[in-house]
Amino acid sequence: MFSNQYIQQRIHKANSLREEGKNPYKNGLKRSLTNAAFLEKYAYVKGLEEPKDKEKCESIVGRVKLLRLMGKACFIKIEDESAILQAYVSQNELNDEFKSLKKHLEVGDIVLVKGFPFATKTGELSVHALEFYILSKTIVPLPEKFHGLSDIELRYRQRYLDLIVNPSVKDVFKKRSLIVSSVRKFFEMEGFLEVETPMMHPIPGGANARPFITYHNALEIERYLRIAPELYLKRLIVGGFEAVFEINRNFRNEGMDHSHNPEFTMIEFYWAYHTYEDLIELSKRLFDYLLKTLNLPSKIIYNDMEVDFNQTSVISYLDALETIGGISKDILEKEDRLLAYLLEQGIKVEPNLTYGKLLAEAFDHFVEHQLINPTFVTQYPIEISPLARRNDSNPNIADRFELFIAGKEIANGFSELNDPLDQLERFKNQVAEKEKGDEEAQYMDEDYVWALAHGMPPTAGQGIGIDRLVMLLTGAKSIKDVILFPAMRPVKNDFNVESEE
């Protein structure tokens, strides 16, 4: 594993430190300031007649990013999470310790420097070392500074290297954390209660997706990693909670691309005595809040597209197919004509698709990618909305919407179906679809129907993909750029160590 000659050289240096009585993995030393705090606190030093303050002494820590040896002195760039700070180390102060440093220190090592603030002749605020310790001897060299870490696969597989070498990557995940905490704060301010529901389900439900299957040894039964928390959250509404949300992982055993990962984060929220129209207004408030919290303008650029949050629109499913997709009403209103049109356009259509699913095929191919500004598409076909409430005026459509931004679905919401008999029939239809070979059709969940039979108030519910939301607000082009450890096919790395996804 560590047979590489450069690694062996570093291992030798670690052993050499031990021979000198030093621990190359020293513990227990504390820093007094972060690098950023040091730079802020001692900025005044640069304005002093003699730019130093020997009365002050601080301990700073971090990884060595640059090392310049110059005879009896050296300059070291040290990076912690907050900033890069320069340290000046001289043989005059450290004597034998300086000689040890010159012999053992390398880029990548993690160190602690204790000393006083001063400014160099070029005006750079630095710490003048009085004590110096190696806290962690790095035995694997970092990628060269100017070549960097450009192999995209390696960046995803060894995210720790990516974070060390590419500071902008760390910034993306700090923004992700801020986005998640801001979403949570928004819903708490709106009066929602955060809850936790099971990650392993006896029956996969809440979405049309293929589940991961596991086995519970104690119960001696199969369990499914959840594809959505929806049915459990709605059980809580039955139980008397009126506004709940959950931010957590979902797992779907399906394909991967730049906007899909089998393990992903969502927020789902349910709001009793409200409708899907209320959710549309709530979603607008959420995005206003996020843009202000992140100090983003109302117009952002994503994948070379300008997204204007001041140009939010609402359009029905059929109107979108006609006015945006360019499909005439005569075609859209007839199942056979729509099927013929799709085939003429070279779209592969699975046999025996229902009218609603044919409309969905048309929408996916001709409309979705054109929805750049925030667009709430409403009145979805009932056949592709098995958990949504049937519209009172038109039983063929659901009181449902999806929010699209920059050509991608960001959110899905609807007025919830709370009629237990209607829900039972829809589950039966889903089971029939599954028996025909539709692996993504939903399972029958009699326990959920039984819960509905105890009375669920009129409720609106919505889900938002957190990963896609982060992509949008950070400008990331791939979902792998906003997930710290995305799913990857296992490979053997250069050190003969099995690397997981």
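Okay, so the sequence shown: first residue is 1 according to full-length UniProt numbering, each after it adds one.
Backbone N, C-alpha and C fix where the C-beta goes; we use that ideal spot for every residue, glycine too.
Flag this pair as yes or no: are the beta carbons of residue i and residue j separated by less than 8 Å?
i	j	result
VAL89	PHE132	yes
LEU338	ILE347	no
PRO211	PRO204	yes
PHE269	GLY62	no
ILE384	ILE397	no
VAL377	ALA432	no
LEU48	LEU135	no
VAL127	ILE466	no
ILE464	ILE301	no
ARG18	GLU106	no
PRO117	TYR232	no
ILE139	ILE7	yes
residue 502	LEU371	Because the chain here runs from 1 to 501, residue 502 falls outside it and cannot be looked at.
GLN86	LYS72	no
ARG159	PHE485	yes
ARG447	PHE427	The amino acid occupying residue 447 in the given sequence is Asp; Arg does not appear at that position. Not closer than 8 Å, so no.
LEU112	ARG31	yes
LEU472	ALA406	yes
ALA362	LEU342	yes
residue 542	VAL45	The displayed coordinates of the chain run from 1 to 501. Any statement about residue 542 would go beyond what the structure contains.
LEU469	LEU294	no
LYS436	ASN352	yes
residue 503	TYR289	Any answer about residue 503 is impossible in this case: the structure gives the chain only from 1 up to 501.
ILE110	ASN261	no
GLY123	VAL64	no
LEU225	MET200	yes
ASN310	SER328	no
PRO51	ALA119	yes
Please name the residue or residues paired with residue i in a DSSP beta bridge.
i	result
HIS201	TYR224
GLY407	The partner list for GLY407 (beta bridge, DSSP) is empty, contrary to what the question assumes.
ALA119	LEU125
GLN311	Paired residue(s): none; GLN311 is not in a bridge.
ARG390	ALA398
THR378	SER316, PHE401
GLN462	PHE269, GLY413
GLU106	Note: GLU106 sits in no beta bridge, so no partner.
MET305	TYR302
TYR44	TYR44 is not bridged to any residue.
PHE192	For PHE192, which the question treats as bridged, DSSP gives no partner whatsoever.
PHE132	VAL113
Contact check, residue i vs residue j under 8 Å by CB: the rounded distance?
i	j	result
GLU442	GLN430	Contrary to the premise, residue 442 reads as Gln rather than Glu in this sequence. At roughly 4 Å, the Cβ-Cβ gap stays under 8 Å, so GLN442 and GLN430 are in contact.
ILE227	ARG252	5 Å
CYS74	LEU67	7 Å
ASN373	ASP419	ASN373 to ASP419, Cβ: 35 Å. No contact.
PRO386	TYR273	Contact flag wrong, Cβ pair sits at about 23 Å.
PHE186	LEU286	6 Å
ALA14	LYS137	4 Å
LYS102	LEU69	6 Å
TYR355	GLU335	4 Å
GLY326	PHE366	7 Å
MET488	ARG157	6 Å
Would you be able to state if there are at least three C-beta pairs under 8 Å between the region 31 to 44 and the region 154 to 170?
no
Which runs of the alpha helix (DSSP H) fall wholly inside the region 424 to 454 and span at least 4 residues, in chain order?
446 to 452
I want to know whether the region 404 to 413 touches the region 479 to 488 - three or more CB-CB distances under 8 Å.
no
Quick one: which unbroken beta strand (DSSP E) runs of 3-plus residues sit fully inside the region 52 to 100? Chain order, please.
58 to 70, 73 to 79, 84 to 90
Would you be able to state if there are at least three C-beta pairs under 8 Å between the region 275 to 288 and the region 250 to 258?
Cβ pair count under 8 Å is below three, so no.
At what residue ranges does the region 209 to 260 contain a whole run of the alpha helix (DSSP H), taking only runs of 4 or more?
Listed in chain order, the complete alpha helix (DSSP H) runs (minimum 4 residues) inside the region 209 to 260 are 230 to 238.
Specify whether the region 239 to 249 and the region 180 to 199 touch according to this definition: at least 3 beta carbon pairs, one from each stretch, less than 8 Å apart.
yes
Counting beta carbon pairs with one atom in the region 19 to 27 and one in the region 67 to 86, are three or more of them shorter than 8 Å?
no
Any contact between the region 94 to 101 and the region 168 to 182? By contact I mean 3 or more CB pairs, one from each, below 8 Å.
no
Would you call the region 207 to 225 in contact with the region 311 to 325, where contact means no fewer than 3 C-beta pairs closer than 8 Å?
no
Segments of 3+ residues assigned as beta strand (DSSP E) that fall wholly inside the region 255 to 292:
263 to 272
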